[in-house]
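Asker: Reading the sequence shown from the start, the letters are residues -20 to -1, 1 to 263 in mature numbering (1 follows the signal peptide of the UniProt record, and there is no 0). Take a look at the following structure, please.
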Amino acid sequence: MRLPALVHLVLLALLPLAGAEPCPSDMNHIKDLLEVNCTGQGLSTVPSALPKDTGILLLSANHLASVFTDAFLPLAALQDLDLSDNGLVDLHTGPLLPSLKELILSRNALRALPTLQGLPALTRLALAHNHLQFLAPGAFHAVPQLQDLDLRGNQLRTLPPQAFAGLGDLKDLDLSDNVLEELPQELLQDLRKLENLWLSGNRLQTLPTGFFPEGHFFPYVFLTENPWHYPRVATGVPGFLRAHGRAGTFPKIFLGFPETCGGLPGCVRELFLPGSLIPPPCL
Ligand SMILES: *[C@@H]1O[C@H](CO)[C@@H](O)[C@H](O)[C@H]1NC(C)=O
C-alpha cells in the first residue's frame, strides 16, 4: 500500500499547479501570431511553460519588479511583449531576442533606460509614465530600427544633443508631459524620417534657432501647454510667428503652414499650440 500513498502525495503536490489557470492563448488574426494573455494574474516571475510559438505575450498588470530577458529566450517567435503596469524597476536586456519588434514598458517605475542590448529588430518602444530623468548620448544605439518612441510622462529636464543619434527610421517621437526646459539644437538631426513630434506639457519657453532641420517636412508638431515666450520662440519655429502671428488669436488656434515652405528653414505643416501661454504677438 506504499505506492498508492506516494501517488496520492504526488497528486496533492501537483494540485496547486493544476488549479492555476494557465494564461489563455488565442490566435491574433490581425497580426497572424499566437497571443498569450497573462494580464493581471498576480505573477511575480515570468511563467516558464508558455507555448513555444508565442508571438504576442501580454504580461501587464502583474508584479514583475525585475525582469531578465533570458526568460523569453525559449520563445523564438516572440514579436510583441507588454510589460506595462508592473511596478517594474529593472529590465535586464542582453540575450539576443532577434524577433522582438514591440516592447511596452509604460506605467512602471524605471529610473534609468534599459541598455536595450539584444533587441536589434525593435521598431516600437513605449516607456511612457516611468521615472526617467536622463538619457545618455546614443541611448538608443542598440535599437537602430526604432520607428515609434514614446517617452511621455517621464521626468526629463534636459536632453543631450545626441540623445536620439542613429534613429534614422524614427517616425513618431513623444516627449510630452516631461519637464523639459530647453532642447539642444541638434536633437532632431539624425531623425531623417521623423513625422510627428510631441512636445506638449513641458516647460519650454523657446526652441533653438535651426531646431527643425532644413527642408525636413513634419506633418504634425504638438507644442501645446508650454510657457512659450514670444518672440523668442519665433526664431526656432521656422517663420511661424513671422508668417502667421498676425492671426493674433492665441492661445486658441493652431497654425497651418503651406506645404511648400519656400525659403523657410524647415517645413512644418501644422503646429498645434492651443492652451499655450504665448501672449498675442506684438504688432
Ligand atoms: C487579457 O486578459 C485580461 C484579463 O483577463 C482582459 O481584461 C483583456 O481584455 C485581455 N486582453 C486581450 C488583448 O485579450
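By construction, the Cβ of each residue, glycine as well, lies at the ideal position given by its N, Cα and C atoms. These figures come from a predicted structure and were not determined experimentally.
When you compare the CB positions of P145 and P117, do they come within less than 8 Å of one another, or not?
Answerer: The identity of residue 145 in the sequence shown is Ala, whereas the question assumes Pro. Going by C-beta atoms, A145 is nearer than 8 Å to P117.
Asker: Assuming the contact rule is C-beta atoms closer than 8 Å, L112 and F120 should be a hit. Round their C-beta distance to whole Å, please.
Answerer: Between F120 and L112 the Cβ distance is about 13 Å, and since that is not below 8 Å, they are no contact.
Asker: In whole angstroms, what is the alpha-carbon distance linking G133 and S64?
Answerer: So the two alpha carbons sit approximately 14 Å from each other.
Asker: In whole angstroms, what separates the C-alpha of F202 from that of A29?
Answerer: F202 and A29 have their C-alpha atoms some 44 Å from each other.
Asker: Helix or strand or just coil, what does DSSP make of T49?
Answerer: helix
Asker: Within this structure, are the beta carbons of D152 and N182 separated by less than 8 Å?
Answerer: no
Asker: Helix, strand or coil: which one does DSSP assign to H72?
Answerer: strand
Asker: Can you list, in chain order, the residues of its chain with a C-beta nearer than 8 Å to that of K11? Leave out the 5 residues immediately preceding and following it.
Answerer: So the list reads G35, I36, Q59, D60, once near-sequence residues are dropped.
Asker: Is it true that the CB of G22 sits closer than 8 Å to the CB of A45?
Answerer: no
Asker: Leaving out five residues before and five after T95 in sequence, what residues of the same chain have Cβ atoms less than 8 Å from its Cβ?
Answerer: T73, G74, A122
Asker: May I have all residues whose beta carbon comes closer than 6 Å to any heavy atom of ligand 1, sorted in chain order?
Answerer: N17, T19, G20, L38
Asker: Helix, strand or coil: how does DSSP classify A106 here?
Answerer: strand
Asker: Can you say whether P207 is buried or exposed, counting buried as having 16 or more other CB atoms within 10 angstroms of its CB?
Answerer: exposed
Asker: What does the alpha-carbon distance come out to for the pair P141 and A56?
Answerer: When rounded, the separation of the alpha-carbon atoms in P141 and A56 is 36 Å.
Asker: Do L187 and L163 count as a contact pair if the criterion is CB distance below 8 Å?
Answerer: yes
Asker: Do P31 and L14 have their CB atoms nearer than 8 Å?
Answerer: yes
Asker: Per DSSP, D12 is paired with what?
Answerer: Its beta-bridge partners do not exist; DSSP assigns none.
Asker: For D70, which option in H109, V47, L77 has the closest C-alpha, if you only look at C-alpha atoms?
Answerer: Nearest C-alpha to D70: V47.
Asker: Out of S79, L90, L39, L139, which one is the CA nearest neighbour of R104?
Answerer: S79
Asker: With a threshold of 16 other CB atoms inside 10 Å of the CB of T189, please say whether the residue is buried or exposed.
Answerer: Per the 10 Å Cβ criterion, exposed.
Asker: Tell me the rounded alpha-carbon separation between P124 and D154.
Answerer: Distance between the alpha carbons of P124 and D154: 17 Å.
Asker: To the nearest angstrom, how far is it from the Cα of L174 to the Cα of S156?
Answerer: Rounded to the nearest whole angstrom, the C-alpha separation of L174 and S156 is 16 Å.
Asker: Use the C-beta contact count for residue 269: other C-beta atoms within 10 angstroms, 16 or more gives buried, fewer gives exposed.
Answerer: The structure shown does not extend to residue 269, since the chain spans only -20 to 263, so no value can be given for it.
Asker: For residue 287, which residues does DSSP report across the bridge?
Answerer: Because the chain in this structure spans residues -20 to 263, residue 287 falls outside the shown range and cannot be described.
Asker: According to DSSP, simplified to helix, strand and coil, what is E82?
Answerer: strand
Asker: Just tell me which of G148, A41, H109 has its CA closest to the CA of D130.
Answerer: H109
Asker: Identify the continuous beta strand (DSSP E) that holds D152 and give its terminal residues.
Answerer: 152 to 154
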